[in-house]
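Adding 2 to a residue's 1-based position in the sequence shown gives its number in this note's numbering.
Ideal placement from N, C-alpha and C gives every residue a C-beta, glycine not left out.
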Amino acid sequence: MSEIKQRDYMFDTFRGLLMWSIPISHFTRVAGHFSQGSLSGIIYITINVFVMQAFVFLSGYFSKKPDRARETAFHTFLWPYLLCIPFFYCVRHIIWGNAHLYLDLPPFALWYLFALFFYRFFLKNYIRIPYVFEISMLVYLFAGQVPFFSDKWALGRMVSYFPFFLLGYYCDRDTLKKIRSLKKSHCWILGIVLMAISCILAFCVKDLNVGFYLLKNPACELGIDWYWDILGRIIVFCLACGWIVLMLNILPSHDNFVAYVGRNTMPVYIFHLIVRYLVKKYSIFFGVLPENWVVYYVMIFALAGLCVFAFTTKPVIWIYDTAVEGTYRILWWILRKIQAALGLLHRPVMAVCNGVIDWIDRDDEDKPCEERRAE
C-alpha cells in the first residue's frame, strides 16, 4: 500500500512570510520618514534584494510540468492582471482625482503577474534552448546597459527575475534536500552576514540608490555608472540566493497561520496596494507621524500585519475568487458563443466559396482548348 504524501507547509510558510514582507516594504517607502541611510533603508533594501526573487523561485519550483504551466498561465496570472488594470485605474482616480491608463506600463506591483504569465506560458519552449540558464544570467548582468529594458512592458524586471524562475525549475527534490541541510550555527552566521551586507548597502554604498534594487530601470535612467550596475546585480543575486537558502532552512514544515497566508497570497497582493496608495497620500495613519521612531516602525509593521490578516479572511477571499472566477467564466461563455456563431457562419461561407470555385472550374472547362492554351 503506497504511503500518503504529506504536504510540506514550509513552502506555504515561505510564501506567507514573503507576502507579509511586501506591504512592509511598500509602507516603509511611502510612510513619510524614508531615507536610504536609516533603519527604513535597511528594511527596504533587505526585503527588496530577495522577496520577489524568492516568489519567482518558488513559482519556478512548482512549474515542473510545462504543459500544465501553459494551460494555467492565462487563468492564474494574465486574467487577474487584465482585470486589475481598469480596477486600479479607478482606484487611482478615486484617491488622487486623476489617473492615466497605459497598457504598456504594468501598474505598480502587477508586473509580477505579467512576468509570470510569460515565464510559465513559454516554459516548454525555452527550456529546450541549450544553456538557457547561462544565457539568462548574462542577460541579467547586462540588462542595466540596455535602454529598452525598462518599466515598459515590465521588460527590465522580466529579464532580471528570469534566472530565479529557472533556478526554481531546475531545483529538484534531491538538490532541495541538500540545501536544507544547514546546521543551526551556519544559519545564524548566514543571517548575520546577510543583515550586515544590507546595513553596508544602506549606509555606505550611495552609488546604488534604493531604486536600483527593484531591477526595473536601466542604469542610465537611475544615474548609475555601468560598472556599479553590474556589480550591484552580482551582489543582489548573491544576497537573494543567500536569503532563499536561509529561509529554506529555518522555516517550519508544519501548518500555521503564516502558511495559511501563503495559500491565499493573491488577495493580499492585490488589495494591499489600495492601502499603499492611501498611505502614500496621507502618510502613515492619515498624517499622524509619531516623533518616536519605535512607535513609527511598530505602526508600519502593524499596518502590514493588519493587511495580511484582513485580506486573508474568508469574505475577502470569496470576493476575490468570485470576481476572478466569475468574470473568467463569463469570458469563456462569450468566447464559446462567438465560436458557435463562427461555426454557423462557416457553412454558408464555405458553400459560397465552393460554389465560386465550381463556377470558375466550369467556366474554364467550357472554354475552347485554343483559348485555354493561349491563357
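When secondary structure is reduced to three states using DSSP, S23 falls in the helix class. Across the structure, G43 and A204 are spaced so that their CA atoms are roughly 6 angstroms apart.
Per DSSP, the unbroken alpha helix (DSSP H) holding Q55 starts and ends at 53-63. Sixteen is the threshold: when 16 or more other Cβ atoms of the shown chains lie within 10 Å of the Cβ of M12, as they do, the residue is buried. Your pair L224 and F110 does not check out as a contact, with CB atoms roughly 18 angstroms apart and the cut at 8 angstroms. Going by DSSP, F166 is part of the alpha helix (DSSP H) stretching over 157-172. Apart from the 5 residues on each side of it in sequence, I199 sits with its Cβ closer than 8 angstroms to the Cβ of I237, L241 in its chain, given in chain order. Shown here for Q38: same chain residues with a beta carbon closer than 7 angstroms to its own, the five before and five after excluded, namely A204, N211, V212 in chain order. Pairing L184 with V247 gives a Cβ-Cβ distance under 9 angstroms. The Cβ-Cβ distance between F135 and Y163 does not fall below 9 angstroms.
Counting C-beta atoms within 10 angstroms of its own C-beta, R130 has fewer than 16 neighbours from the protein chains shown and is therefore classed as exposed.
Within the model, the alpha-carbon separation for I302 versus F273 is close to 17 angstroms.
A straight-line Cα-Cα distance of about 6 angstroms links G34 and S285.
Residues S23, I26, S27 of the same chain have their beta carbon placed closer than 7 angstroms to that of I49, with the five preceding and five following residues left out of the count.
S42 carries a helical assignment under DSSP once its states are collapsed to helix, strand and coil.
A direct Cα-to-Cα measurement between V141 and N219 gives close to 14 angstroms.
Runs of the beta strand (DSSP E) lying entirely within the region 294-341 and spanning at least 3 residues: none are present. When the Cα atoms are used, I97 and V296 turn out to be separated by approximately 29 angstroms. Under the DSSP assignment, C189 falls in the alpha helix (DSSP H) whose first and last residues are 186-205. DSSP, reduced to helix, strand and coil, places G99 outside both helices and strands of the structure shown, so it counts as coil.
Here the alpha carbon of G307 sits roughly 31 angstroms from the alpha carbon of K154. Per the coordinates, the alpha-carbon of R331 lies some 30 angstroms from the alpha-carbon of L20.
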